[in-house]
Ligand SMILES: [Zn+2]
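Residue numbers (our numbering): 27 to 421.
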């Protein structure tokens, strides 16, 4: 069997699988073929949960004596949108002007194609590594992310798997390959404030309690001053109000309720609990200082609900992982990458509970866009960086 050492060929095969979440689209089967050629064991657990589509996942492993490195990622892709708007069809892997076009080119079939090629080159030159390399690949990253990485990690741990380090191959570079390694993420917390008033006629406001000014005062208290100034490793925490809802279609009625939802991306100044406490404090103070109606004795009556699952902030300080990857990038592209904690959440937030994790992949500029594409030279460069990393990490 020929070894999958060519990232461009690997990526073309993967792009030709229309694996829009939740469809497997043969993408995992194609990857399985490549991993089999590398003599990896491969399993394909399917996870289900009521109300969500069943999802196929893949766990592949080249087992050996020594440290265990996990490469993590996803083969599912976001929908192409209007296919007519693409210069080249989204699932054809067309090459033009030194670029390969296709959905998933950078997010993140490209990262997978490069890591497979790097491992193939490693095996070809050095034989099996002194340790294990595993592939933790989900088909549910761009969807609800319920039947993917979280369950795959639990499934693997139950079978006795343990990892020493993990690289997630998401596109982390803003402009040029080698710009940025992500070593952590801000946390994310979402809350809904409901102000309870009393409905009434606009002409008789003394008989009603308008919740709208109360909601504005509470939101004002949240937005008034920054939560912090940022830390050595993180940018300042930031709160955004994402919706304000009253749903009142009548122009002569004071509504009974007003709600608003906010999301805050927070740094390592806070834990989920301390941040919730700070938000409660600000709201309580504003409620105490304000009234829904002139002369009323009651403070503003409000409830707060925390929505979804908050994700805590994390930072990876593993010297061997971060330093080996930084040095590999520098050796190949000649520049030291920035170690960053910026951007949205990723599956790294789940992996960090099991082993140190960093993210490094292609240039993210065209991800989720029409004409998603990757420079063929970037595929080769990333493969060389991953190869260098494998050589040094297993040395
Ligand atoms: Zn992705």
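Where a beta carbon is used, it is the ideal one built from N, C-alpha and C, also for glycine.
{"Check": "Distance, residue 327 Cα to residue 38 Cα", "Outcome": "58 Å"}
{"Check": "Closer than 7 Å: residue 166 CB and nearest ligand 1 heavy atom", "Outcome": "no"}
{"Check": "C-alpha gap between residue 340 and residue 356, whole angstroms", "Outcome": "25 Å"}
{"Check": "Given residue 367 as reference, the closest of 417, 292, 330 once Cα atoms are compared", "Outcome": "292"}
{"Check": "Close-in-space but distant-in-sequence residues of the same chain around residue 214 (CB under 7 Å, 5 per side omitted)", "Outcome": "289, 291, 336, 337, 371"}
{"Check": "The segment 341-354 contacting the segment 212-228, beta-carbon criterion three pairs below 8 Å", "Outcome": "no"}
{"Check": "Assigned secondary structure, residue 278 (DSSP; H/G/I helix, E/B strand, else coil)", "Outcome": "coil"}
{"Check": "Member of 165, 186, 159, 206 whose CA lies at the smallest distance from the CA of residue 192", "Outcome": "159"}
{"Check": "Residue 420 in three-state terms, based on DSSP", "Outcome": "coil"}
{"Check": "Residue 194 beta carbon less than 8 Å from that of residue 99", "Outcome": "yes"}
{"Check": "Terminal residues of the beta strand (DSSP E) in which residue 230 lies", "Outcome": "From DSSP, residue 230 is part of no beta strand (DSSP E); its letter is neither H nor E."}
{"Check": "Residue 134 Cβ short of 7 Å to ligand 1 heavy atom set", "Outcome": "yes"}
{"Check": "Meets three-Cβ-pair contact criterion under 8 Å: the segment 173-185 and the segment 76-94", "Outcome": "yes"}
{"Check": "Per-residue DSSP class, three states only, for residue 87", "Outcome": "strand"}
{"Check": "Spatial distance of residue 92 from residue 377 (CA atoms)", "Outcome": "20 Å"}
{"Check": "Whether residue 408 touches residue 88 by CB criterion (8 Å)", "Outcome": "no"}
{"Check": "Cα-Cα separation between residue 217 and residue 298, rounded to whole angstroms", "Outcome": "12 Å"}
{"Check": "Test: residue 297 CB closer than 8 Å to a CB of chain C", "Outcome": "Looking for chain C here will not work: only one protein chain is present."}
{"Check": "DSSP beta-bridge partners of residue 100", "Outcome": "164"}
{"Check": "Residues near residue 245 in its chain [Cβ-Cβ closer than 7 Å; skip 5 each side]", "Outcome": "267, 286"}
{"Check": "Continuous alpha helix (DSSP H) stretch holding residue 239: start and end", "Outcome": "237-249"}
{"Check": "Nearest to residue 237 (by Cα), restricted to the options 137, 220, 102", "Outcome": "220"}
{"Check": "Where residue 213 sits in the DSSP three-state scheme", "Outcome": "strand"}
{"Check": "Rounded Cβ spacing between residue 150 and residue 29 (contact assumed at less than 8 Å)", "Outcome": "6 Å"}
{"Check": "Extent of the continuous alpha helix (DSSP H) to which residue 125 belongs", "Outcome": "From DSSP, residue 125 is part of no alpha helix (DSSP H) but of the beta strand (DSSP E) over 125-127."}
{"Check": "Which residues DSSP lists as bridging residue 289, in chain order", "Outcome": "216, 266"}
{"Check": "Nearest-angstrom beta carbon gap, residue 166 and residue 48 [assumed within contact, 8 Å]", "Outcome": "6 Å"}
{"Check": "Extent of the continuous alpha helix (DSSP H) to which residue 33 belongs", "Outcome": "33-41"}
{"Check": "Cβ separation of residue 429 and residue 139, assumed to be a contact under 8 Å, to the nearest whole Å", "Outcome": "Lying before the first or after the last residue shown, residue 429 is absent from the chain, which here runs from 27 to 421."}
{"Check": "Under 8 Å between C-beta atoms of residue 198 and residue 398", "Outcome": "no"}
{"Check": "Same chain, Cβ closer than 8 Å to residue 62, neighbours up to 5 away in sequence not counted", "Outcome": "27, 68"}
{"Check": "CA-to-CA distance, residue 312 to residue 133, given in whole angstroms", "Outcome": "44 Å"}
{"Check": "8 Å contact criterion, which residue 412 and residue 73 should meet: CB distance rounded", "Outcome": "No, residue 412 and residue 73 are not in contact; Cβ-Cβ is about 28 Å, not under 8 Å."}
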